[in-house]
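Top line first, the protein sequences correspond to chains D and Y.
Per the numbering used here: the first sequence ends with 291, consecutive numbering throughout.
Per the numbering used here: the second sequence ends with 146, consecutive numbering throughout.
Take a look at the structure set out below.
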Amino acid sequence: MSTKIKEAVRALLTEGKIKGFLGLREEKGNIMPYLFCDPKELDALSLGDWKKPGDTRYPLNQLMIKLAMAYPNETFAVLIRGCDERGLKELFKWKQLDEEKIVLIGLGCPDELAKACECEKPFPDSLIDGPKGEKVDSQKVAQVEGMDLDTRLQFWKAEFNRCIKCFGCRNICPMCFCNECSIEEDQLVGTGEIPPANPTFHLARAIHMVGRCIDCGLCEEACPADIPLRTLYKKVGEIIHQEFGYKTGLSVDEKSPFNIIEVK
Amino acid sequence: MEFKTVLSFCPYCGCGCGLLLEVLDGKIVGTLPSKTSPVNQGKLCIKGWTVHEFITSPNRLTQPMVRQDDALHDSSWDEALHLAATRLKEIKEKHGPDSIGVLTSAKCTNEENYLLQKFTRAALGTNNIDHCARL
């Protein structure tokens, strides 16, 4: 499946339109993020499918921010799926990346992955390879919503109680770009204890995902305690859509709820 | 320009979680959990997540040091090993081998730990050897 993507990247590199392509490389059985600067290296390109489709996705947009900070005048291409594209649109909006300096190399996700993710849009607009899959409705959110309030609170408190406070959800998040983080602030959530303040710690992070979370699911994959974070943030996205008519990552022009509040 | 991730292993405990060090132009700028590591399967604890922070810490030892009059001085491996060997020998002769205890580490390899217990039992002559995971 990678042929079309390799061709597109090779052309961009050869014509000098980009300085490098941030993607994934297979090396001795491991799949790892890598900046391809030479077309000859593209033989080792991986699309992040190891044992299952998309099981080795990494926060490439987060690495892209680091790269763009080091080389603000250069143009780079980056491998993106539907969720990553939503993320880029938000990052452009929040001025974390310059739209003019990024070329999107789009990859569509197969049905199996779209279903596992319960993805809103499992393909990017800038699709180069892969399927243009169908939207999958979230059953996991509906399942939690099916509980009465008391049961639901107990459910979440039991889930949050397993937290070992590794900050992995925050660290791997391609949308967490703040220099100072609320969930490290003693005055806001209380520090120094495991599990952290329950449910304040996780709800503080959930609130900060408003207009940010693009539902890539990397947080849940990185959680050593298997807390269903994705379900929680999916619900945040749902509320934002209902209350503000805002869909995170849908367009670059539409203002995020945080900005709307600021203007008022 | 070079930006890559390098597969390494967390040095903090004995689990051996696979991690990826983000290397930008020869400098380590971040850590990610390895998704292809069978040990941690894309997850890390807070210590593993912050490995890149201590690697570049100015407080790390970069050469052997010897304490004299409560202050540490730069030394050479020859001098430091000679001093350690001499003092251990003196203590063993004066107070007996059981006056010495050795603590080994989960951060070392099995081979290094084997070597240290062999040294403790065969060279120092004591069974006083334990592991940092039990401290």
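Ideal Cβ placement from N, Cα and C applies to all residues, glycine included.
If you're wondering where the values come from, they're calculated on a predicted model, not measured in any experiment.
Test: residue i CB closer than 8 Å to a CB of chain D
i        : result
Y:Ile66  : no
Y:Ala40  : Reading off the sequence shown, one finds Val at residue 40 of chain Y, where the question assumed Ala. Judged by the 8 Å Cβ criterion, Y:Val40 is in contact with chain D.
Y:Tyr23  : no
Y:Gly112 : no
Y:Gly27  : no
Y:Gly107 : no
Y:Leu146 : With a pLDDT of 49 at Y:Leu146, under the threshold of 50, the modelled position of that residue is not reliable, and the figure given next carries that caveat. Cβ-Cβ to chain D under 8 Å: no for Y:Leu146.
Residue-level contact to chain Y via CB, residue i, 8 Å cutoff
i        : result
D:Arg37  : no
D:Lys116 : no
D:Gly56  : yes
D:Lys291 : The pLDDT assigned to D:Lys291 is 48, lower than 50, so where the model puts this residue is not dependable, and the model offers no usable value.
D:Cys64  : yes
D:Tyr273 : no
D:Ala71  : no
D:Ala224 : no
D:Ala97  : yes
D:Glu186 : no
D:Glu220 : no
According to DSSP, residues forming a beta bridge with residue i
i        : result
D:Val237 : DSSP output for D:Val237 lists no bridge partner at all.
D:Glu212 : D:Glu212 is not bridged to any residue.
D:Asn57  : D:Glu54
D:Ile129 : D:Phe103
Y:Val34  : Y:Lys15, Y:Ile39
Y:Pro44  : Y:Leu30
Y:Val113 : Y:Ile140
Y:Met76  : Y:Asp85
D:Leu230 : Bridge partners of D:Leu230: none, in fact.
D:Phe271 : Looking at the DSSP assignment, D:Phe271 forms no beta bridge with any residue, so it has no partner.
D:Gly47  : D:Phe103
D:Leu118 : Answer by DSSP bridge pairing: none, since D:Leu118 is not bridged.
D:Phe63  : D:Phe48
D:Ser73  : D:Leu51
D:Leu154 : D:Gly133
Y:Phe20  : Y:Gly29
Contact list for residue i against chain Y, beta-carbon separation under 7 Å
i       : result
D:Asn59 : What sits at residue 59 of chain D in the sequence shown is Met, not Asn. Here the neighbours are Thr16, Leu18, Leu31.
D:Leu90 : Glu33
Rounded distance between the beta-carbons of residue j and residue i, thought under 8 Å
i        : j        : result
D:Phe27  : Y:Trp88  : In the structure displayed, chain D extends from 28 to 291; residue 27 of chain D sits before or after that span and is not available.
D:Pro255 : D:Pro86  : Contact flag wrong, Cβ pair sits at about 19 Å.
D:Leu94  : D:Leu49  : 7 Å
D:Cys64  : D:Lys46  : 7 Å
D:Gly173 : D:Lys148 : Incorrect: roughly 25 Å between the Cβ atoms, too far for contact.
Y:Leu31  : Y:Thr16  : 4 Å
Neighbouring residues, chain D, relative to residue i (Cβ below 8 Å)
i       : result
Y:Pro44 : Gly195, Ile199, Ala249
Y:Trp60 : Cys193, Phe194, Gly195, Asn198
Listed by chain order, chain D residues near residue i by CB distance under 9 Å
i       : result
Y:Met76 : Neighbours of Y:Met76 on chain D: none; closest Cβ ~33 Å, over 9 Å.
For residue i, the nearest candidate out of the options (CA to CA)
i        : options                                : result
D:Cys246 : Y:Leu43, Y:Leu32, Y:Gly25, Y:Gly29     : Y:Leu43
D:Phe285 : D:Glu211, D:Gly276, D:Arg239           : D:Arg239
D:Cys190 : Y:Cys143, Y:Cys56, Y:His93, Y:Ser19    : Y:Cys56
Y:Arg78  : Y:Gly112, Y:Leu94, Y:Glu13             : Y:Leu94
D:Gln89  : Y:Cys26, Y:Gly41, Y:Tyr125, Y:Met12    : Y:Gly41
D:Val130 : D:Gln269, D:Val105, D:Asn206           : D:Val105
D:Lys55  : D:Ala224, D:Leu72, D:Glu42, D:Leu62    : D:Leu72
Y:Leu18  : D:Val36, D:Tyr61, D:Glu34, D:Thr30     : D:Tyr61
D:Arg37  : D:Cys203, D:Lys67, D:Glu53, D:Arg84    : D:Lys67
Y:Asn51  : Y:Lys118, Y:Lys38, Y:Cys21, Y:Leu126   : Y:Cys21
D:Cys133 : D:Gly81, D:Glu117, D:Pro151, D:Ala249  : As written in the sequence, residue 133 of chain D is Gly, which differs from the Cys given in the question. D:Gly133 has its Cα closest to that of D:Pro151, out of D:Gly81, D:Glu117, D:Pro151, D:Ala249.
D:Pro165 : D:Cys144, D:Asn198, D:Cys250, D:Gly109 : Here residue 165 of chain D turns out to be Ser, not Pro, going by the sequence shown. Ranking D:Cys144, D:Asn198, D:Cys250, D:Gly109 by Cα distance to D:Ser165 puts D:Cys144 first.
Y:Glu13  : D:Pro222, D:Ala97, D:Phe228, D:Cys196  : D:Ala97
D:Ile58  : Y:Thr47, Y:Tyr23, Y:Arg132             : Y:Thr47
Y:Glu104 : Y:Thr137, Y:Leu31, Y:Cys24             : Y:Thr137
Partners in chain D for residue i, counting only beta-carbon separations shorter than 7 Å
i        : result
Y:Asp56  : The sequence shown places Cys at residue 56 of chain Y, rather than the Asp named in the question. Within chain D, the residues near Y:Cys56 are Ile191, Cys193, Pro251.
Y:Gly136 : Simply none; closest approach about 42 Å.
Within chain Y, the residues that residue i reaches when beta carbons sit closer than 8 Å
i        : result
D:Trp77  : Lys46, Thr47
D:Gly260 : The sequence given here has Tyr at residue 260 of chain D, not Gly. Here the premise fails: no neighbours, minimum Cβ distance about 18 Å.
D:Asp82  : Lys46
D:Ala104 : Here the premise fails: no neighbours, minimum Cβ distance about 13 Å.
D:Ala143 : Result: empty, since nearest Cβ-Cβ is about 14 Å, beyond 8 Å.
Neighbouring residues, chain A, relative to residue i (Cβ below 9 Å)
i       : result
D:Lys93 : Considering every chain present, this structure includes no chain A. Its protein chains are D and Y.
Under 9 Å from the C-beta of residue i: neighbouring residues of chain Y
i       : result
D:Lys46 : Met12
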